[in-house]
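Colleague: To get the working numbering, take the position in the sequence shown, counting from 1, and add 753. Glycine included, C-beta positions come from ideal geometry on N, C-alpha and C. Would you mind keeping the following structure in view while I ask a few things?
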Amino acid sequence: MSSNKNNRKVLVIHGPNLNMLGTREPDTYGTLTLEEINQDLAVLGKKLGIEVKTFQSNHEGEIVEKVQKASQEYSGLIINPAAYTHTSIAIRDAILLLDFPVIEIHISNVYKRDEFRHKSMISDIVHGKITGFGAYGYQMALNAIAQMH
Ligand code: DQA
């Protein structure tokens with residue numbers, strides 16, 4: 754990870770409908786709310802010495818803008834683009850601007866689900882991908898980024 758800027762600052766982006774976690778299809782996504790996931794990340798971040806900022810949006814353009822600005826402020830990105838994973842060339846192009854590790858994460862195992870979820874617009878340009886470990890996948894991603902410092 755680059756050493757000249759905000760070395761221990763990681764951005765976590767949650768895409769559309771993830772604000773509904775807790776009540777959204779609990780059999781698929783579990784019962785933790787997004788707030789609880791974010792709190793757990795903050796606690797883990799403290800242990801790891803990483804400042805964690807989280808952002809959720811249901812709007813593709815807002816996610817694009819957040820990714821664009823991330824290069825100035827952060828040194829790592831964990832992103833669950835949710836449904837935009839499967840469709841968004843715009844988010845892909847924004848991620849291509851970044852010069853630090855990006856981890857793609859999905860709560861569910863997308864490969865056990867509808868075929869349209871098997872395709873990701875970003876898997877071939879991210880550092881790594883975590884899928885199917887529930888909300889714990891976010892913790893796995895943060896631990897992985899910590900190892901890269
Ligand atoms: C998801 C999987 C996507 O296919 C879906 O559209 C989501 C959530 C996941 O975390 O498992 O909204 O990214």
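1) Given this structure, state the Cα-to-Cα distance separating S752 from K865, to the nearest angstrom.
2) Compute the Euclidean distance between the alpha carbons of I832 and K799, then round it to the nearest angstrom.
3) So what's N833 in DSSP terms, helix, strand or just coil?
4) Alpha carbon to alpha carbon, what distance is there between S861 and N770?
5) Is T838 near the ligand DQA, judged by its Cβ being under 7 Å from some heavy atom?
6) Between the stretch 812–822 and the stretch 835–855, can you find at least three pairs of beta-carbon atoms closer than 8 Å?
7) Identify the residues that DSSP records as bridge partners of T884: which are they?
8) Can you tell me whether F869 is helix, strand or coil according to DSSP?
9) List the whole-angstrom C-beta distance separating L907 from L785, where the pair is believed to meet the contact cut-off of C-beta under 8 Å.
10) Comparing C-alpha positions only, which one of G887, A894, I875, M901 sits nearest to T781?
11) Identify which residue in Y827, I898, F869, H871 has its Cα closest to the Cα of G881.
12) When DSSP builds the beta bridges, which residues end up paired with F808?
13) Report all residues from its chain with a CB closer than 6 Å to the CB of Q892; omit the five preceding and five following residues, and keep chain order.
14) Could you spell out where the alpha helix (DSSP H) holding E813 opens and where it closes?
Modeller: Let me spell this out:
1) The structure shown has nothing for residue 752, since the chain only spans 754 to 902.
2) Along the sequence shown, one-based indexing puts residue 832 at 79. Along the sequence shown, one-based indexing puts residue 799 at 46. So the two alpha carbons sit approximately 20 Å from each other.
3) If you number the sequence shown from 1, residue 833 lands on position 80. Correct three-state label for N833: strand.
4) To locate residue 770, count along the sequence shown from 1; it is residue 17. To locate residue 861, count along the sequence shown from 1; it is residue 108. Whole-angstrom Cα-Cα distance: 14 Å.
5) If you number the sequence shown from 1, residue 838 lands on position 85. Flag set: Cβ of T838 near the ligand DQA.
6) yes
7) Reading the sequence shown from its first residue, position 131 is the one you call residue 884. Answer by DSSP bridge pairing, in chain order: H859.
8) Indexing the sequence shown from 1 puts residue 869 at position 116. Correct three-state label for F869: helix.
9) Nothing about residue 907 can be read from this structure; the chain reaches only from 754 to 902.
10) Residue mapping note: residue 781 aligns to position 28 of the sequence shown, counting from 1. That would be G887, whose Cα lies nearest to the Cα of T781.
11) Residue numbering aside, residue 881 sits at position 128 when the sequence shown is read from its first letter. Among Y827, I898, F869, H871, the Cα nearest to that of G881 is on I898.
12) On the sequence shown, residue 808 is found 55 positions in, with the first residue counted as 1. Answer is I766.
13) Locating residue 892 in the sequence shown gives position 139, counting from the first residue. So the qualifying residues of the chain are L797.
14) Along the sequence shown, one-based indexing puts residue 813 at 60. Note, E813: alpha helix (DSSP H), 813–826.
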